[in-house]
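Numbering (the working numbering), first residue to last: 10 to 455. This report refers to the structure that appears directly beneath it.
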């Protein structure tokens with residue numbers, strides 16, 4: 010009797026387990042069948058056959074970026090637009106894992122949760138998709154890179170709409186070359202991290218402002234080098250005595266090594282985490298690369314260099330644009346999306362409105378009193394350049410990040426050029442093109 014009872018219990022447990030497993034499988038099929046259909050092992054799609062009858066991908070102005078005609082997948086007639094939107098749109102072979110034609114191919118082709126791909130093409134409901142990107146802006150920014158490697162990301166921090174997302178190197182999806190440049194399958198704007206150099210002084214400044222209410226009244230002294238914990242931090246200039254605003258605009262290494270030392274490792278670590286450096290964002294379903302900041306085993310000299318943006322600091326371009334958007338927007342911003350109708354949500358509050366306002370004044374001074382407003386065609390811009398050392402025998406990475414506070418053109422941007430040298434000279438012209446053209450997309454006439 011006991012054996013029969015035991016066997017009955019075991020049978021019941023097995024039956025319940027089977028039913029639970031079957032129920033879970035059905036639930037996953039109902040909720041995620043389009044994702045399963047989009048996997049690379051799907052032979053219908055893996056050959057590219059599916060895209061030959063797929064829906065159209067448009068930019069924000071309804072300009073076709075990818076469409077099907079006569080059983081062929083075709084792309085924009087403009088060469089620079091094809092390459093400038095490659096990492097958002099993708100190619101016909103699904104080489105770019107984060108691109109629309111890879112991630113949303115089931116919707117584009119008209120996959121049915123009931124019939125799969127079994128319906129005749131004439132009965133399928135093909136999914137047209139619209140991006141928030143402006144194709145003309147992306148094309149002009151791609152051209153501005155002029156063969157250099159890197160990324161540009163511009164978005165509206167009020168609405169979250171990404172107007173420009175360009176990654177280089179790229180290739181022509183209409184005429185795919187036999188040899189693809191190294192790194193061309195990666196969307197650097199979202200999926201790569203770089204040594205930040207002086208743009209990290211934004212984070213160090215926020216830490217200083219939060220720790221010292223009178224930080225703007227501090228003075229710093231630069232003689233070209235200073236010893237921290239037995240080793241030197243160096244600066245290219247001998248700036249002498251300067252205010253915080255001047256130190257930020259002049260990008261003085263000694264001043265920000267002093268600032269990081271003054272606030273301490275715990276404050277630098279907590280501020281970096283709070284401002285999103287170590288966070289991954291969901292950008293239209295794509296997880297952005299996490300940056301890196303870790304002072305756990307750092308000595309005093311390494312702490313000093315971390316405040317300058319060296320040591321082991323790493324950041325992502327989209328991440329830096331989000332931070333700049335939050336500064337411009339009073340401490341928080343909309344999270345970006347490049348697919349129309351896909352809402353990514355709000356960023357957490359990075360800082361108080363008071364700190365954001367003080368940061369705006371400091372970053373605005375860099376443009377208005379140092380670089381000049383003509384650089385951005387009359388837009389009211391606050392920004393920071395960066396030149397990041399990346400190792401012996403290599404040129405530094407060049408950066409420029411910032412935002413516009415013009416009510417009609419609430420744009421935040423990040424530009425990085427791999428081994429580009431000085432930020433102002435290399436990333437600056439690309440940032441100028443990106444911001445002016447993005448603002449024109451919103452009606453700017455400057």
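Just so you know, even glycine gets a beta-carbon here, dropped at the ideal spot from N, CA and C. Quick caveat: nothing in here was measured; it's all calculated off a predicted structure.
| field | Rounded distance between the beta-carbons of residue 235 and residue 266, thought under 8 angstroms | value | Sequence index remark: in the chain shown, residue 266 carries index 257 (1-based). Sequence index remark: in the chain shown, residue 235 carries index 226 (1-based). Indeed they touch by this definition, with Cβ atoms about 7 angstroms apart.
| What residue from 430, 427, 422 and 432 has the CA that sits closest to residue 445's CA? | By one-based count along the chain shown, residue 445 stands at place 436. Per the Cα distances, 422.
Can you name the start and end residues of the alpha helix (DSSP H) that residue 210 belongs to? Here residue 210 refers to the residue found at position 201 of the chain shown. Where residue 210 is concerned, the enclosing alpha helix (DSSP H) stretches over 210-220.
| field | Alpha-carbon to alpha-carbon, residue 157 and residue 95 | value | In the chain shown, counting from the first residue as 1, residue 95 sits at position 86. In the chain shown, counting from the first residue as 1, residue 157 sits at position 148. Looking at the two C-alpha atoms, the distance is approximately 16 angstroms.
TODO: Kindly indicate which three-state DSSP category residue 172 falls into: helix, strand or coil?
DONE: Residue 172 sits at position 163 when you count from the first residue of the chain shown. It is a strand residue.
In angstroms, rounded to a whole number, what distance separates the CA positions of residue 455 and residue 373?
On the chain shown, residue 455 is found 446 positions in, with the first residue counted as 1. On the chain shown, residue 373 is found 364 positions in, with the first residue counted as 1. Approximately 19 angstroms between the Cα atoms of the pair.
DSSP beta-bridge partners of residue 81: Locating residue 81 in the chain shown gives position 72, where the first residue counts as 1. Answer is 78.
DSSP state of residue 204, grouped into three classes? Taking the chain shown and counting its residues from 1, one reaches residue 204 at position 195. It is coil, neither helix nor strand.
**Request:** Under 8 angstroms by Cβ, that's how I've got residue 448 and residue 424 pegged, so tell me the actual separation to the nearest angstrom.
**Result:** Residue numbering aside, residue 448 sits at position 439 when the chain shown is read from its first letter. Residue numbering aside, residue 424 sits at position 415 when the chain shown is read from its first letter. That belief does not hold up - the Cβ atoms of residue 448 and residue 424 are roughly 15 angstroms apart, past 8 angstroms.
_Let me check one thing: in DSSP terms, what residues is residue 392 bridge-paired to?_
On the chain shown, residue 392 is found 383 positions in, with the first residue counted as 1. Its beta-bridge partners are 411.
| query | For residue 184, does the count of other Cβ atoms within 10 angstroms reach 16, so buried, or fall short, so exposed? | reply | The residue labelled residue 184 in the question sits at position 175 within the chain shown. Residue 184 should be labelled exposed.
- Query: Using the C-alpha atoms, what's the distance from residue 92 back to residue 245?
  - Reply: In the chain shown, the residue the question calls residue 245 occupies position 236. In the chain shown, the residue the question calls residue 92 occupies position 83. When rounded, the distance between both Cα atoms is 37 angstroms.
message = Considering Cα atoms alone, identify which of 223, 392 and 367 is closest to residue 378.
response = What you label residue 378 is simply residue 369 of the chain shown in a count that begins at 1. Of the candidates 223, 392 and 367, the one whose C-alpha sits nearest the C-alpha of residue 378 is 392.
Could you check how far apart the C-beta atoms of residue 203 and residue 190 are, in whole angstroms? I think they sit under 8 angstroms. One-based indexing of the chain shown puts residue 203 at position 194. One-based indexing of the chain shown puts residue 190 at position 181. Not quite, the Cβ-Cβ distance comes to about 18 angstroms (not below 8 angstroms), so this is no contact.
- Query: Between residue 285 and residue 414, what straight-line distance do the alpha-carbon atoms span, to the nearest angstrom?
  - Reply: On the chain shown, residue 285 is found 276 positions in, with the first residue counted as 1. On the chain shown, residue 414 is found 405 positions in, with the first residue counted as 1. When rounded, the distance between both Cα atoms is 21 angstroms.
Residue 269 versus residue 323: straight-line alpha-carbon distance, rounded | Taking the first residue of the chain shown as position 1, residue 269 is located at position 260. Taking the first residue of the chain shown as position 1, residue 323 is located at position 314. Between residue 269 and residue 323, the C-alpha separation is close to 17 angstroms.
At least three beta-carbon pairs within less than 8 angstroms, the segment 193-211 to the segment 308-327: yes
Checklist entry - Under a three-way DSSP split, which group does residue 160 fall into? => result Here residue 160 refers to the residue found at position 151 of the chain shown. In this structure, residue 160 counts as strand in the three-state DSSP scheme.
Between the alpha carbons of residue 366 and residue 77, how many angstroms are there, rounded?
Counting from 1 along the chain shown, the entry for residue 366 is found at position 357. Counting from 1 along the chain shown, the entry for residue 77 is found at position 68. Looking at the two C-alpha atoms, the distance is approximately 49 angstroms.
Does DSSP classify residue 43 as helix, strand or coil?
In the chain shown, counting from the first residue as 1, residue 43 sits at position 34. Confidence in residue 43 is poor, its pLDDT being 45 and thus under 50, which makes the residue's placement unreliable; the coordinate value appears in the next sentence. Helix, per DSSP.
Delimiting residues of the beta strand (DSSP E) encompassing residue 251: Within the chain shown, the letter at position 242 stands for residue 251. Unbroken beta strand (DSSP E) run through residue 251: 249-252.
| Exposed unless 16 or more other CB atoms sit within 10 angstroms - verdict on residue 348 | Reading the chain shown from its first residue, position 339 is the one you call residue 348. Its Cβ being crowded by 16 or more others within 10 Å, residue 348 is buried.
For residue 19, count the other beta carbons within 10 Å of its own beta carbon; 16 or more makes it buried, fewer makes it exposed. Which is it?
The residue given as residue 19 occupies position 10 in the chain shown. Looking at its Cβ environment, which holds fewer than 16 other Cβ atoms inside 10 Å, residue 19 is exposed.
- For the candidate residues 178, 82 and 232, whose alpha-carbon lies nearest to that of residue 263? Against the chain shown, residue 263 aligns to sequence position 254. With distances taken between Cα atoms, residue 263 lies closest to 232.
Query - For residue 139, three-class secondary structure by DSSP - result: Numbered from 1 along the chain shown, position 130 holds the residue referred to as residue 139. In the structure shown, residue 139 sits in a strand (DSSP, three-state: E or B).
- Item | Outcome for residue 22 when other beta-carbon atoms lying within 10 angstroms are tallied against a minimum of 16 | Along the chain shown, one-based indexing puts residue 22 at 13. By the 10 Å Cβ count, residue 22 comes out exposed.
Worksheet item: Rounded to the nearest angstrom, how far is the Cβ of residue 116 from that of residue 75, given a contact under 8 angstroms?
Response: By 1-based counting over the chain shown, the position of residue 116 is 107. By 1-based counting over the chain shown, the position of residue 75 is 66. So it is not a contact: roughly 13 angstroms between Cβ atoms.
Requested in this report: Measuring alpha carbon to alpha carbon, tell me which of 67, 428 and 119 ends up nearest residue 99.
Outcome: Translated into the one-based positions of the chain shown, residue 99 becomes position 90. Comparing Cα positions, the closest option is 67.
Tell me the residue span of the beta strand (DSSP E) that contains residue 261. Residue mapping note: residue 261 aligns to position 252 of the chain shown, counting from 1. Run containing residue 261: none; DSSP gives neither H nor E here.
Take residue 153 as the anchor and find which of 164, 178, 228 and 167 has the nearest alpha-carbon.
Taking the first residue of the chain shown as position 1, residue 153 is located at position 144. Taking only the C-alpha atoms, the option nearest residue 153 is 178.
Residues bridged to residue 234 by DSSP?
Position 225 of the chain shown holds residue 234. Partner(s): 243.
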